[in-house]
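First residue of the sequence shown: 130, per the numbering used here; consecutive thereafter.
What follows is a set of notes on a single structure, which appears directly below.
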Amino acid sequence: MPGANSSSLTPGVFILNGVPGLEDTHIWISLPFCLMYIIAVVGNCGLIYLISHEEALHRPMYYLLALLSFTDVTLCTTTVPNMLCIFWFNLKEIDFSACLAQMFFVHMLTGMESGVLMLMALDRYVAICYPLRYATILTNPVITKAGLATFLRGVVLIAPFTFLTKRLPYCRGNHIPHTYCDHMSVAKVSCGNFRVNAIYGLMVALLIGVFDICCISVSYAMILRAVISLSSADARHKAFSTCTSHICAIVITYVPAFFTFFTHRFGAHNIPHHIHIIVANLYLLLPPTMNPIVYGVKTKQIREGVVKVLLGNKVVFTQDK
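Next comes the structure, spelled out in C-alpha cells:
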C-alpha cells in the first residue's frame, strides 16, 4: 500500500484465535492448562513464602530459586488468564498496545528464566568446586547484582521487539493464530517485510539462550570433573545429587523452548500448526508447574521446610553446599 498512512495500518485490536483447527475442543484443552496454572501459582508462591520465612533457607541457592519461582509465576500469569478467557468465554480481542505489552513480558520473562537457570548453574559450580570459599564468593550483594543484571539484560534486548513489531503495517487483517501475542506470530500477520524482526529475534536467541546454555554446559563440565576426582563414592553421590533438581529444571525449560524456536523459523510447514501452539503453551506452563514439584521432591531442606510449615513440627535443617 504505497503512500498509505502507517497509522491507518495499525489495528485497534488483534483477534487471538486460540488453537486453530481445534476450536471444538477448546474447553477440554483448557482443563489441563487451568490445572497446571493452579499448581504453578500455589507451588511457586509456596516456595517464595517458605524461602522468605525459613532462616535456614536464606542462602544463595535458595534466593536464586525464589527468583526463579517469581519469574515463573509472573510468566504464566501474563498469558494463562487471557488464554482461559479465549477457551471459556470466546473473548478473543486484545488491544494492540496490550498485545505488544504481553509480547514484551513473555519474551523478557523467558529470557530472565534462562538467565536465572544459568546463575543457578554457576552457584552449583562454586558450591562444589570451591566449597570453602562459597560463602565469600556468593554474598548477598553479589546475588542481588547478578539478578538485577539478568533482569536488565532481558529488558534491553527484548524492548526492541515492541518497536520493530509496532512499525509493521497490518493490512491483511488482525487475526493471530495463537493463544497469546508471541513476537513472530504477530509479525507474520503483517503484510510488510518482517525480515528484520526474524533476524533480530535470532540474534536475541543467540545472546540469551545460546550464551546461557554455553555457561551452563561449561559449569557442569567443571562440576563433573570435580566430582569424578573425589575419592569417596559417597562424596561423589552427595556432591552430584545437589545438582539433580537443577538439571531437571534445565531439561524441562529448554526442550520445549528449542522446539518452539526452531519450528517457528524452520519447521512451520512440516509440523501441524495446532501442535506448535500447544507446545508453545507448554513451554510457558510446564517449567512453572514442574519446578516447585522437582525442587520439593529432590531438595531435602525444602521438604523439611514444608513439613515444618504444614505440621508445625521442629525440623532440623541439614546444611547443603
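Idealized CB from N, CA, C, for every residue including glycine.
With respect to T291, L238 sits apart: the two C-beta atoms are not nearer than 9 Å. Rounded to whole angstroms, the separation of the alpha carbons of T139 and C377 is 43 Å.
DSSP, read as helix, strand or coil, puts E183 in coil. By the beta-carbon neighbour count (other beta carbons within 10 angstroms, threshold 16), R282 is buried.
Between F323 and A316, the gap from beta carbon to beta carbon is short of 9 Å. Under the three-pair Cβ rule at 8 Å, the segment 210-219 does not count as touching the segment 244-262. Distance from S374 to K429 at the Cβ level is roughly 11 Å; contact not present, criterion being Cβ atoms closer than 8 Å. Annotation for S198: N173, L176 and I177 place their beta carbon closer than 6 Å to its own, counting only its chain and skipping 5 residues before and after.
Annotation note: the segment 170-235 contains the following uninterrupted alpha helix (DSSP H) runs of length 4 or greater, listed N- to C-terminal: 189-218. Considering only G434, L194 and M190, the residue with the shortest C-alpha distance to A264 is M190.
Counting of Cβ neighbours within 10 angstroms places H187 among the exposed residues, the total staying below 16. Beta-bridge annotation (DSSP): I305 is paired with L145. A distance of 9 Å or more separates the beta carbons of L196 and F234.
In the three-state reduction of the DSSP assignment, L160 falls in the helix class. With 16 or more other Cβ atoms from the protein chains shown falling within 10 Å of its own Cβ, N420 counts as buried. In this chain, the alpha helix (DSSP H) harbouring Y424 covers H402 to K427. F323 sits in coil when the DSSP states are folded into three classes, being neither helix nor strand.
Taking C-alpha positions only, I431 is separated from N399 by approximately 43 Å. Taking C-beta separations shorter than 7 Å and ignoring five residues to either side along the sequence, the partners of F388 in its chain run V408, following chain order.
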